[in-house]
Ligand SMILES: [Fe+2]
């Protein structure tokens, strides 16, 4: 069967898709918690304030089964209840702020050495996949890339437990995006 | 001052790109008639990774993430929203036709007047205090989803002079693999705005574009209550071989 075509997420997803704590896969103070943050830039080098990022990763033990509970509802009034603070769901969703900036709080994934990333934005007709590596280590994709391109997939340590990862949609320093078809 | 960008210019560009359609299922990320795509598409070709692990699995959602009322966009406020009440239902499958079960489907849309409750939407059409326009549900064992809502209105946007979006509902769908992720828009049959809209026309293959248009289904209409539309969703990739090889 032929697939349903993609269309842009548009400018008005903000009241529908992002949810409070969407970028907090673990609570603050969680043992081993790390923060990864950065900007999403367009081809003119300007930050993109209307991008939406999704992250999917294994838990610290390498389990990729995922768990419900990323966007729990209150059963009494149907309002948003937030994560339960204990379950690691593996899924995060963060909209860039008005500065084009985003933050993810998580733990290092076990097993596969990367966090899978999906990028949506106004102006982007079909989402883009990339990977966020916390180390420039032994990995088949990293090994297949020239050094400058490889560097776009590896987060830079800023200080203890804090990493920087910028996504450049176009032009100089353009992030490596993946064909997963 | 640059000359205002006319529909005539956009329509000419749309026609030129349609004539060169390569029959792709998805829009090219570089589609000049949609002006915002200009600085927001990669110049470099996508890279096929030698192996994938995480992307072949995906996030899981469950009963705790969705309440049954979330699928009825007409019951989120004290009063009834204005507009034409509709139901939209269909199946989510993979490319082999297998149902995608228990997965999250999210929708968002403008109200009947073509207005979003978003402060960047400055279209001078009324907000409806009884309609927000967001919904979600989990697919059932057949991959089926269903929403009750109102038919959204067309709305203007600033791509060019006199640019109007055909009425549409935004959909976000998860598959069993993160690599099957889909965000798209569902349109209503027979909308006269189709040929003018560079977002819909970014899908240059006629057959592929038709797959974005729901069918009116009289069997789904409920007497004295609502009009029914059917729209099935087929998630792309990863290919079966990729899954089996566990590349
Ligand atoms: Fe829209």
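Protein chains in written order, with this note's numbering: chain A, -10 to 170; chain B, 1366 to 1612. Using N, Cα and C, we set each Cβ at its ideal position, and we do this for glycine too. These numbers were taken from a predicted model, which means no experiment stands behind them.
For residue 1438 (chain B), there are no C-beta contacts with chain A under 7 Å, since the nearest C-beta of that chain is about 11 Å from it. CA-to-CA, the gap between residue 1406 (chain B) and residue 48 (chain A) works out to about 31 Å.
The beta-carbon of residue 129 (chain A) is placed less than 9 Å from the nearest beta-carbon of chain B. Counting only residues of its own chain and dropping the five nearest sequence neighbours on each side, residue 1470 (chain B) has a CB closer than 6 Å to the CB of 1502, 1510 and 1538. Pairing residue 1437 (chain B) with residue 1498 (chain B), the inter-Cα distance amounts to about 10 Å. The C-alpha of residue 38 (chain A) is placed about 6 Å away from the C-alpha of residue 88 (chain A). In the structure shown, residue 1464 (chain B) falls within a strand segment according to DSSP collapsed to helix, strand and coil. Residues 152 of the same chain have their beta carbon placed closer than 7 Å to that of residue 146 (chain A), with the five preceding and five following residues left out of the count.
Sequence-distant partners of residue 1463 (chain B) (beyond 5 residues in either direction) whose C-beta falls short of 7 Å from its own C-beta are missing from its chain. When only Cα atoms are considered, residue 1386 (chain B) and residue -6 (chain A) end up about 14 Å apart.
Contact with chain B is found for residue 4 (chain A), since one of that chain's Cβ atoms lies less than 9 Å from the residue's Cβ. The three-state secondary structure of residue 1435 (chain B), taken from DSSP, is helix. About 5 Å separates the CB atoms of residue 25 (chain A) and residue 93 (chain A); that is less than 8 Å, so the two are in contact. A straight-line Cα-Cα distance of about 42 Å links residue 1413 (chain B) and residue 1585 (chain B). Within 10 angstroms of the beta-carbon of residue 1476 (chain B) lie 16 or more other beta-carbons, which makes it buried.
Around the beta carbon of residue 45 (chain A), a 10 Å sphere encloses 16 or more other beta carbons of the protein chains shown; the residue is thus reported as buried. Taking the C-beta atoms as reference points, residue 1468 (chain B) is found nearer than 9 Å to residue 1541 (chain B). At a beta-carbon threshold of 7 Å, none of the residues of chain B lie near residue 7 (chain A); the nearest stands roughly 11 Å away. With a cut-off of 8 Å on Cβ pairs, the stretch 1374 to 1386 of chain B is not in contact with the stretch 55 to 72 of chain A, counting fewer than three such pairs. Per the C-alpha coordinates, the member of B:1530, B:1548, B:1572 and B:1546 positioned closest to residue 1556 (chain B) is B:1530. Residue 1406 (chain B) sits in coil when the DSSP states are folded into three classes, being neither helix nor strand.
Residues of the stretch 1460 to 1492 of chain B with a C-beta atom less than 7 Å from some C-beta of chain A are 1460, 1462, 1471, 1473, 1481, 1482, 1483, 1485 and 1486, listed in chain order. Look at residue 1452 (chain B) here: in three-state DSSP terms it is strand.
Within 8 Å of the CB of residue 62 (chain A), the CB atoms of chain B belong to 1429, 1430, 1431, 1432 and 1435, in sequence order along the chain. A distance below 6 Å between beta-carbons, with the five flanking residues on each side excluded, links residue 1591 (chain B) to the following residues of its chain, in chain order: 1450, 1451 and 1452. Placement of the Cβ of residue 1530 (chain B) at a distance of less than 8 Å from at least one heavy atom of ligand 1 is found. Annotation: Cβ neighbours of residue 163 (chain A) in chain B (cutoff 7 Å, chain order): 1407, 1408 and 1409.
Per DSSP, the unbroken beta strand (DSSP E) holding residue 1537 (chain B) starts and ends at 1533 to 1538. Residue nearest to residue 78 (chain A) within the set B:1485, B:1390 and B:1422 is B:1422 (criterion: CA-CA distance).
With respect to residue 104 (chain A), residue 1419 (chain B) sits close: the two C-beta atoms are nearer than 9 Å.
Listed along chain B is no residue with a C-beta nearer than 7 Å to that of residue 91 (chain A); the closest approach is about 16 Å. Using a Cβ-Cβ cut-off of 9 Å, residue 14 (chain A) does not count as an interface residue toward chain B, since no Cβ of chain B sits closer than that to its own. Secondary structure of residue -4 (chain A) (DSSP, three-state): coil.
Under a criterion of Cβ atoms nearer than 9 Å, the residues of chain A adjacent to residue 1564 (chain B) are, in order, -4, -3, -1 and 114. Considering only beta carbons, the part of the stretch 1546 to 1562 of chain B lying closer than 7 Å to chain A consists of 1546, 1547, 1548, 1549 and 1550, in chain order. Taking a beta-carbon distance threshold of 9 Å, residue 1514 (chain B) does not count as an interface residue toward chain A.
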